[in-house]
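Protein chains: 2
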Amino acid sequence: MKISAQEEYGLRCLVQLANLADGESLTLPQIAEREGISTANAGKLMWLLNKAGFVHSTRGTKGGYFLARPADDIYLNEIIKVLDEDVLSAHCVSYTGVRDSCVHNGDCGIRPVIVGLHEIVENALSRLTLASLVGNEKSVDAMFHQIQGIHRTIEPQRV
Amino acid sequence: MKISAQEEYGLRCLVQLANLADGESLTLPQIAEREGISTANAGKLMWLLNKAGFVHSTRGTKGGYFLARPADDIYLNEIIKVLDEDVLSAHCVSYTGVRDSCVHNGDCGIRPVIVGLHEIVENALSRLTLASLVGNEKSVDAMFHQIQGIHRTIEPQRV
DNA sequence: CATAATCTTGACCAAAAAGTAATGATTTGT
DNA sequence: ACAAATCATTACTTTTTGGTCAAGATTATG
Chain A
3 MKISAQEEYG LRCLVQLANL ADGESLTLPQ IAEREGISTA NAGKLMWLLN
53 KAGFVHSTRG TKGGYFLARP ADDIYLNEII KVLDEDVLSA HCVSYTGVRD
103 SCVHNGDCGI RPVIVGLHEI VENALSRLTL ASLVGNEKSV DAMFHQIQGI
153 HRTIEPQRV
Chain B
3 MKISAQEEYG LRCLVQLANL ADGESLTLPQ IAEREGISTA NAGKLMWLLN
53 KAGFVHSTRG TKGGYFLARP ADDIYLNEII KVLDEDVLSA HCVSYTGVRD
103 SCVHNGDCGI RPVIVGLHEI VENALSRLTL ASLVGNEKSV DAMFHQIQGI
153 HRTIEPQRV
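Line by line, the protein sequences are chains A and B.
Start counting at 1 in the first sequence, then tack on 2, and there's your number in my numbering.
Start counting at 1 in the second sequence, then tack on 2, and there's your number in my numbering.
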């Protein structure tokens, strides 16, 4: 269970735009520079995010990208859903081994766990907006744990 | 953020072993058959799980695999950690774009969120054992939501 | 001891994800 | 109108992950 490259970099590009003042925008080379990725890669990511309606773009000299909505109106679960291409609904269709359909069709013990995990993550992400990611590491960390109500409650684990 | 093939199939193979009565074991062809995967693939997965100490194996006629510990003593977070090759600790080292190290070195707004998400998942998995995955879909679903305290509390989301 | 059943291991092949390149379209400014 | 800057789109290449194969090692059994 991990964050994909596309999710990570896509999110980071959006955070760059969330940092801008009203009326400002960033070009692909600028975004690439600020996130340490290639311009081509930034182009592909922004293309996706544009198609999905998170950003607007203008072409030509003085062109660039900016958020389509205020940063505190864009929830992380929406973003991740786009960058990850709707994982949840595809679970039982994608892991079918060598067969056409999963052997556990109809009654599957681990399905509730997989689905439940995605639910938990979705739930957590739906409480965060792009705006909440603007700031330094310490402040974002505090915000995250406050919103999620985690407070380092991970219990001592058996070894 | 998704479950990898290795996590999914590895977990499913272990659940098969958890279903066995004391003293029983399963061969690779049997495991493969029951999970709808190839024998070769089952072999690779069981090899990993054997190295990690979750199962024991015996060779030769009448050989096979069985759990190394009681199913209620094996927590899902341990299993996932092995099948996923320690994602959490590697985050800032793996997504560095075209550079040698991440541009956000030292102060990164999204790191707490990524790390926090992994924390949430880890936390959820650490409350579940292999034994809790044995049963039909309905009973496992009920167990999951009871343990995680979720009760379908996902809030209405903005669109 | 020979044979058949089984796990073990490393090399290999295939599919998916990630990333790059190249060409085309649009806009601004002169 | 033209040139420069910029986004848009598709095709291609590389890397990673997933999966297969084949040769070897071990064990039970007759």
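Here a beta-carbon is modelled for each residue, glycine too, at the ideal position from N, C-alpha and C.
Burial state of residue i (16 or more Cβ within 10 Å)
{"i": "T63(A)", "result": "exposed"}
{"i": "R61(B)", "result": "exposed"}
{"i": "P114(A)", "result": "buried"}
{"i": "N43(A)", "result": "buried"}
{"i": "K4(B)", "result": "buried"}
{"i": "Q148(B)", "result": "exposed"}
{"i": "V100(B)", "result": "exposed"}
{"i": "A20(A)", "result": "buried"}
{"i": "E87(A)", "result": "exposed"}
{"i": "G108(B)", "result": "exposed"}
{"i": "S141(A)", "result": "exposed"}
Range covered by the beta strand (DSSP E) that runs through residue i
{"i": "Y67(A)", "result": "G66 to L69"}
Beta-ladder partner(s) of residue i, from DSSP
{"i": "V57(A)", "result": "L69(A)"}
{"i": "T131(A)", "result": "Y77(A)"}
{"i": "K166(A)", "result": "Residue 166(A) is absent from the structure shown; chain A starts at 3 and stops at 161."}
{"i": "L51(B)", "result": "According to DSSP, which records beta bridges pairwise, L51(B) is partnered with nothing at all."}
Run of the alpha helix (DSSP H) containing residue i, from where it starts to where it stops
{"i": "C94(A)", "result": "H93 to S96"}
{"i": "Y11(B)", "result": "A7 to A20"}
{"i": "A34(A)", "result": "L30 to E37"}
{"i": "S141(B)", "result": "E139 to Q150"}
Cut-off 6 Å between Cβ atoms - residues of its own chain near residue i, not counting five sequence neighbours on either side
{"i": "A7(B)", "result": "none"}
{"i": "D24(B)", "result": "none"}
{"i": "T155(B)", "result": "Any reading at T155(B) must be qualified, since the residue scores a pLDDT of 47, below 50, and its modelled position is unreliable; the value itself is stated next. Here the set comprises nothing."}
{"i": "E124(A)", "result": "N79"}
{"i": "V84(A)", "result": "A54"}
{"i": "D143(B)", "result": "none"}
{"i": "S134(A)", "result": "M145"}
{"i": "I152(B)", "result": "none"}
{"i": "G137(B)", "result": "none"}
Same chain, Cβ closer than 8 Å to residue i, neighbours up to 5 away in sequence not counted
{"i": "Q150(B)", "result": "A126 and R129"}
{"i": "S40(B)", "result": "A34"}
{"i": "T131(A)", "result": "A73, D74, D75, I76, Y77 and L78"}
{"i": "R16(B)", "result": "With the sequence shown as reference, residue 16(B) is identified as Leu, and Arg is not the correct amino acid for it. Within the same chain, L16(B) has close Cβ partners L51, F56, V57, L69, I76, I81 and L132."}
{"i": "M48(A)", "result": "C15, L30, I33, V57, S59 and Y67"}
{"i": "Y97(B)", "result": "C104"}
{"i": "G65(A)", "result": "S27, T29 and S59"}
{"i": "E37(A)", "result": "Y11, R14, C15, Q18 and A44"}
{"i": "I116(A)", "result": "H93"}
{"i": "R71(A)", "result": "F56"}
{"i": "D102(B)", "result": "none"}
Same chain, Cβ closer than 7 Å to residue i, neighbours up to 5 away in sequence not counted
{"i": "E9(A)", "result": "I82, L85 and D86"}
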